[in-house]
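S.K.: Residue numbers (the numbering used here): 10 to 126.
1. Measure how close the beta-carbons of residue 31 and residue 84 come, nearest whole angstrom, since I'm counting them as under 8 Å.
2. In three-state DSSP terms, what is residue 70?
3. Using only CA atoms, which one of 82, 95, 14, 75 lies nearest to residue 35?
4. How far does the alpha helix (DSSP H) with residue 15 in it extend, from its first residue to its last?
5. Work out the CA separation of residue 118 and residue 63 for me, nearest whole Å.
6. In the DSSP assignment, find the unbroken beta strand (DSSP E) run with residue 96 in it and report its ends.
7. Please determine, among 38, 75, 104, the residue with the shortest C-alpha to C-alpha distance to residue 66.
8. Hey, how far is the Cα of residue 59 from the Cα of residue 33?
9. Counting C-beta neighbours from all protein chains within 10 Å, is the total for residue 103 16 or more, i.e. buried, or is it exposed?
10. With a CB to CB cut of under 8 Å and the five nearest residues on each side skipped, what residues in its chain are close to residue 45?
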């Protein structure tokens, strides 16, 4: 079974753009505007990594708590580096995004051996 990339972004245009860029690389993508949806789906789907826009985290009162509960690598899309919990160990990409950087970050999250080279 192929692992999916789960994209969480409140902005519909951003979410669709990210999904398009990843699907163009042959990746299977699921998406939502809510972290809670990802949490609900994660038990039933084979998720390899998540791409999460920082606005989706900050819009939920316990957003970072929800993110910490995910057992997959996280690629965080940020406008600016806000205070993040010390426990966050994902990849941070600053917006505006270039498709190549996003695809590289996702590929590195799916295959840690590639990331360590």
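For glycine and all other residues, C-beta sits at the position ideal for the given N, C-alpha and C.
M.R.: If we stick to the structure as given:
1. Along the chain shown, read from residue 1 onward, the residue named residue 31 stands at position 22. Along the chain shown, read from residue 1 onward, the residue named residue 84 stands at position 75. Not confirmed; about 10 Å, so no contact.
2. Reading the chain shown from its first residue, position 61 is the one you call residue 70. Residue 70 sits in coil when the DSSP states are folded into three classes, being neither helix nor strand.
3. Position 26 of the chain shown, counting from 1, holds the residue named residue 35. Measuring from the Cα of residue 35, the nearest candidate turns out to be 14.
4. Taking the chain shown and counting its residues from 1, the one referred to as residue 15 is at position 6. According to the DSSP assignment, residue 15 belongs to no alpha helix (DSSP H) but to the beta strand (DSSP E) extending over 13 to 17.
5. Looking up residue 63 in the chain shown gives position 54. Looking up residue 118 in the chain shown gives position 109. Their backbone Cα atoms lie some 18 Å apart in a straight line.
6. Position 87 of the chain shown holds residue 96. Looking at the DSSP string, residue 96 is not in any beta strand (DSSP E), and its letter there is neither H nor E.
7. Counted from its first residue, the chain shown places residue 66 at position 57. Minimum Cα distance to residue 66 is reached at 75.
8. Counting from one through the chain shown, the residue named residue 59 turns up at place 50. Counting from one through the chain shown, the residue named residue 33 turns up at place 24. Those two C-alpha atoms are separated by around 17 Å.
9. Residue numbering aside, residue 103 sits at position 94 when the chain shown is read from its first letter. Classification for residue 103: exposed.
10. Locating residue 45 in the chain shown gives position 36, where the first residue counts as 1. Counting only Cβ-Cβ distances below 8 Å, and skipping sequence neighbours, we find 69, 75.
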